[in-house]
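**Student:** Numbered continuously in the working numbering, the sequence shown closes out at residue 178. All C-beta atoms in this analysis are idealised placements derived from N, C-alpha and C, irrespective of residue type, glycine included.
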Amino acid sequence: MLQVVFRSQLTTLLSYLDIQRICLAAARNNRKAAVSGFMVECGGVFLQSLEGPVHVVNETLDRMYRDNRHDHIEIVCSEQDIPQRRFEVWAMNVMFLDDDAFWTRVFGSEYSCDEMLTQRMDPAFAMGILAMAYRHACSETGLSAAAAGNRLGRIPQIRHMIRR
Ligand SMILES: Cc1cc2nc3c(=O)[nH]c(=O)nc-3n(C[C@H](O)[C@H](O)[C@H](O)COP(=O)(O)O)c2cc1C
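Structure, rendered in structure tokens:
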């Protein structure tokens, strides 16, 4: 099982609804391929984790590299042979982080949206933000962060895509 965490930037301004639609389509593709994942968005920057069998994660990445709605796709970190999935509840879900007050309230940290805009992202920061956002999304939606077991990741409902 491979985990890849990467960062990308929107090439044009998209609405929440556009991004939610991308997430839904992504979740449907991922579920078919037994890929699970999670992403956060802030100021047009995405940070995303994909987990699954090596070849399907790589196929998903290949498709994403060809998608001109985003560019500057940079792998922040990747790990082969992870013993278990770290973001297993959804096949893909998104949480919107584009409000500094939200960062303080949810993460209780001094981090802000600006950190997401830094092109060379620190892997520990990236994993920390994804893990905190994922836990927050699970608790807001009443789902256990480790509930899926061997089940395929869920397709998120719009209300699962957390906004401030
Ligand atoms: C920020 C972002 C994240 C995406 N995440 C995924 C993903 O996790 N899985 C996926 O299949 N497609 C994802 N996509 C869409 C792909 O880039 C591509 O458009 C899609 O896989 C093509 O699928 P289709 O051939 O079924 O239309 C994402 C796109 C963007 C902009």
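Would you mind working out which of 167, 146, 77 sits nearest residue 122, comparing C-alpha positions?
**Tutor:** The residue given as residue 122 occupies position 108 in the sequence shown. For the residues 167, 146, 77, the minimum Cα distance to residue 122 belongs to 146.
**Student:** Out of 129, 106, 108, 107, point me to the one whose CA is closest to residue 117's CA.
**Tutor:** Here residue 117 corresponds to residue number 103 of the sequence shown, with the count starting at 1. The option with the nearest alpha carbon to residue 117 is 129.
**Student:** So, at 6 Å on beta carbons, what are the nonlocal neighbours of residue 104 in its own chain, with the 5 sequence-adjacent residues on each side left out?
**Tutor:** Taking the sequence shown and counting its residues from 1, the one referred to as residue 104 is at position 90. These residues qualify, in order along the chain: 167, 168, 170.
**Student:** Cutting at 6 Å between CB atoms, please list the residues of its own chain near residue 16, excluding the five before and the five after it.
**Tutor:** Position 2 of the sequence shown holds residue 16. Around residue 16: 68, 71, 94.
**Student:** Can you give me the start and stop residues for the beta strand (DSSP E) that residue 88 sits inside?
**Tutor:** Taking the first residue of the sequence shown as position 1, residue 88 is located at position 74. Counting along the chain, the beta strand (DSSP E) containing residue 88 begins and ends at 84 to 93.
**Student:** Enumerate in chain order the residues of its own chain whose CB-to-CB distance from residue 78 is below 7 Å, with the five nearest sequence positions on each side excluded.
**Tutor:** Locating residue 78 in the sequence shown gives position 64, counting from the first residue. Excluding positions up to five away in sequence, the list reads 87.
**Student:** What number of angstroms, rounded off, separates the C-alpha of residue 173 from the C-alpha of residue 62?
**Tutor:** Your numbering for residue 173 matches position 159 in the sequence shown. Your numbering for residue 62 matches position 48 in the sequence shown. For residue 173 and residue 62, the distance between alpha carbons rounds to 19 Å.
**Student:** If you follow the alpha helix (DSSP H) that residue 207 is part of, which residue opens it and which one closes it?
**Tutor:** Outside the shown range of the chain (15 to 178) lies residue 207, about which nothing can therefore be said.
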